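In case it helps, this note's numbering puts the sequence shown at residues 70 to 302.
See below for the structure under consideration.
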Amino acid sequence: MYLDENKLVHLFHSNSSYYPAIGKHAPTKYYQATSISKNYPAHPFDLQPETDCKTRFPSIGSIREYSKCPMQKSTMFTILQNSFCVRNAHSTTPSAGALLPIELYLVLLNVDQAEAGYYHYHREMQSLTYIKEVHGDLPFLTPVNQFAKSASFLIIMTGNLTSMILKYGARAYRYALLECGHIGQNVSLNSELCDAGSCAIGGFHDDLLSETLNLGPDEFPLYLYSVGIKSSE
70 MYLDENKLVH LFHSNSSYYP AIGKHAPTKY YQATSISKNY PAHPFDLQPE TDCKTRFPSI
130 GSIREYSKCP MQKSTMFTIL QNSFCVRNAH STTPSAGALL PIELYLVLLN VDQAEAGYYH
190 YHREMQSLTY IKEVHGDLPF LTPVNQFAKS ASFLIIMTGN LTSMILKYGA RAYRYALLEC
250 GHIGQNVSLN SELCDAGSCA IGGFHDDLLS ETLNLGPDEF PLYLYSVGIK SSE
């Protein structure tokens, strides 16, 4: 049973991976989001709000231009700690079955008092463990996402799905993606609260990123974020 479900997860991931040659088939026109919501016929039981939409959360957007000034290390850790950490077995984000399959890796590019390089984020201790230096360009970035090189740091979310598949079968892949979304929303909000900018990135060269991080066969790169000081220009 596990082997069959595991094969399904690997099959979907490999067939939905981004690869260099895919650029040849990419559409040349831009697409617009649907401007209006889905509508149903009016009904007497329909409900309307009594006040205008107000929220205590900041508005967020994709920031792709960053300042050349280094980000303070304390600011980086504030964003990380408030976005994803585990204290007393409780996480800042929902996790299916409390299995916590998501790992965070960081690429520090322009952070004050921190060596540039690849790091692993320890979610219980909220610390960063140095893995290796950054060599030249970031080969896993696609052509349209080269802006991320000017960020203060990148967050790479991976999913280690071994335990998830044992409990949920192939559906574990969906749950891992949902968990990445929860973490990503926190990154967007906390970056804005720290007067920083962030951009969610879903397109990257999966195999190159796995190779760069030396990931095992059951650990998949799923989501990427760039975070930096907003450019004033």
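The C-beta atom is built at its ideal place from N, Cα and C for all residues, glycine as well.
All values derive from a computational prediction rather than experimental measurement.
Thinking just about the alpha-carbon of each residue, which of the options is nearest to the one in residue i?
i      : options                           : result
Glu202 : Ala217, Ile132, Leu277 and Val176 : Val176
Ile200 : Pro170, Asn283, Asn259 and Ala265 : Asn283
Val78  : Ser295, Pro286, Tyr292 and Gln195 : Pro286
Leu223 : Asn229, Glu119 and Gly186         : Gly186
Thr147 : Ala269, Glu261, Gly272 and Gly271 : Glu261
Gln150 : Glu193, Phe289 and Leu291         : Glu193
Ser267 : Val256, Glu119 and Tyr87          : Val256
Ile129 : Leu277, Ala265 and Leu291         : Ala265
Gln141 : Asp121, Glu184, Asn157 and Cys154 : Glu184
Asn84  : Thr198, Gln195, Asp276 and Glu280 : Asp276
Ser295 : Gly228, Asp206 and Ala217         : Ala217
Gly250 : Gln215, His189, Thr161 and Ser300 : Thr161
Asn157 : Ala269, Gln195 and Ser143         : Gln195
Ile225 : Glu134, Pro113, His274 and Leu116 : His274
Tyr174 : His112, Thr120 and Tyr292         : Tyr292
Tyr87  : Ile270, Ser300 and Cys263         : Ile270
Cys263 : Ser143, Ser219 and Leu197         : Ser143
Please report the distance separating the alpha-carbon of residue i from that of residue j.
i      : j      : result
Ala165 : Gln182 : 36 Å
Asp73  : Leu246 : 20 Å
Pro127 : Ser152 : 15 Å
Met145 : Val180 : 8 Å
Glu172 : Thr231 : 13 Å
Ile298 : Leu178 : 12 Å
Gln258 : His204 : Correcting the residue identity first, residue 258 is Leu in this sequence and not Gln. Cα-Cα distance, rounded: 31 Å.
Asn75  : Phe289 : 12 Å
Asn229 : Lys137 : 34 Å
Leu207 : Pro118 : 47 Å
Ser131 : Gln254 : 12 Å
His191 : Glu280 : 21 Å
His82  : Met233 : 15 Å
Cys154 : Leu80  : 31 Å
Leu278 : Thr124 : 37 Å
Tyr237 : Glu248 : 14 Å
Pro139 : Leu116 : 49 Å
Tyr188 : Ile252 : 18 Å
Helix, strand or coil: how does DSSP classify residue i here?
i      : result
Tyr244 : helix
Lys218 : helix
Pro290 : strand
Asn108 : coil
Ala183 : coil
Val176 : strand
His82  : helix
Asn283 : coil
Leu207 : coil
Cys263 : coil
Ser232 : helix
Is residue i close to the ligand ADP? I mean its beta-carbon at under 7 Å from any heavy atom of the ligand.
i      : result
Cys138 : The model depicted lacks the ligand ADP and carries no ligand whatsoever.
Q: Could you tell me which uninterrupted alpha helix (DSSP H) segments, each at least 4 residues in length, are contained entirely in the region 136-172, listed from first to last along the chain?
A: Counting only runs of 4 or more, we get 142-152.
(Q) Quick test of the definition: if touching needs 3 or more C-beta pairs under 8 Å, does the region 107-119 touch the region 231-248? (A) With a cut-off of 8 Å on Cβ pairs, the region 107-119 is not in contact with the region 231-248, counting fewer than three such pairs.
Q) Between the region 210-219 and the region 158-172, are three or more C-beta pairs nearer than 8 Å? A) By the Cβ rule, the region 210-219 does not count as touching the region 158-172, because fewer than three pairs are nearer than 8 Å.
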